[in-house]
Amino acid sequence: MPPLTQAQVVDLVERHGLKWSMAEVERLMAMVAGHPYLVRVALYQIARGEISLDQLLHVAPTEGGLYGEHLRRHLLNLQGDDRLVLAIKQVVAADQPVAVATADAFKLASMGLVRFQDNNVMPLCNLYRQYFKERLRVGT
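Next comes the structure, spelled out in structure tokens:
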């Protein structure tokens with residue numbers, strides 16, 4: 054499923070009974086880039102009063118955050134392949150799309166962790182960039 058557009062996220066926000074400003078929608082989009090599952094989980098929990106948008110954005114890229122299980126599953130899948138770990142480290146360390154080995158790029162894309170920009174890749178969303186940077190100790 055392709056990423057949700059900002060208009061689609063606005064519609065979902067309204068369907069969840071939330072009264073958000075465009076700035077709030079943009080903050081969520083900045084973290085999850087319209088990823089359907091990540092948007093849905095966030096809106097469901099926020100609408101239930103389980104967490105606020107500010108809290109969600111603060112803890113999102115952590116083990117204890119709303120997406121912890123989802124992120125750990127991806128981390129465990131990566132850790133089974135040293136080449137993929139090196140590739141994702143390159144991707145999250147860069148501010149621009151980077152070239153990685155074609156096979157690695159396609160594996161990361163098929164896992165839903167990166168997206169192509171021309172022949173290069175970049176993290177699918179800031180959530181993944183932040184989480185993998187921290188957990189794989191990139192730049193430390």
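For the record, in the sequence shown the residue sitting at position 61 is 114 according to my numbering, with numbers rising by one throughout. Positions of the beta carbon are idealized from the N, C-alpha and C atoms, including for glycine. Values in this document were obtained by computation on a predicted structure and should not be read as measured data.
Segment limits, beta strand (DSSP E) that includes residue i
i	result
ARG168	167-170
VAL174	173-176
Through-space distance from residue j to residue i, alpha-carbon basis
i	j	result
GLY70	ASP157	41 Å
ALA154	ALA140	8 Å
PRO176	PHE169	9 Å
LEU195	GLN61	With the chain running from 54 to 193 in the structure shown, residue 195 is simply not present.
GLU79	GLN59	8 Å
CYS178	MET54	15 Å
HIS123	MET82	18 Å
VAL92	GLN149	24 Å
SER74	ARG182	25 Å
VAL167	GLN143	12 Å
LEU65	GLY102	16 Å
GLY121	LEU106	16 Å
LEU57	SER163	18 Å
Own chain partners of residue i with C-beta closer than 7 Å, once the 5 adjacent residues on each side are dropped
i	result
ASN172	ALA152
VAL138	LEU131, GLN132 and LEU189
ILE104	GLN98 and LEU119
LYS160	LEU137
GLY165	LEU177
Neighbourhood of residue i by C-beta, 8 Å cutoff - its chain only, sequence neighbours within 5 removed
i	result
ALA100	HIS69, GLY70 and LEU71
ARG125	GLU116
Run of the alpha helix (DSSP H) containing residue i, from where it starts to where it stops
i	result
VAL62	59-68
LYS142	135-146
GLN108	106-112
Cβ-based burial, residue i [other Cβ within 10 Å; buried from 16]
i	result
PRO114	buried
GLY133	exposed
TYR90	exposed
GLY118	buried
ARG136	exposed
Which listed residue (the options) has its alpha carbon closest to that of residue i
i	options	result
GLU67	LEU96, SER163 and PHE185	LEU96
ARG190	PRO55, LEU106 and ALA146	ALA146
TYR184	MET54, LEU110, ASP135 and SER163	LEU110
GLN108	ALA162, GLU77 and LEU57	GLU77
Residues near residue i by beta carbon distance below 6 Å, same chain, minus five either side
i	result
LEU180	MET84, VAL85, ALA113 and PRO114
VAL63	VAL78
Contact test: residue i Cβ vs the ligand GDP heavy atom, cutoff 7 Å
i	result
LYS186	As presented, the structure is devoid of all ligands, the ligand GDP included, so that no description of it is given.
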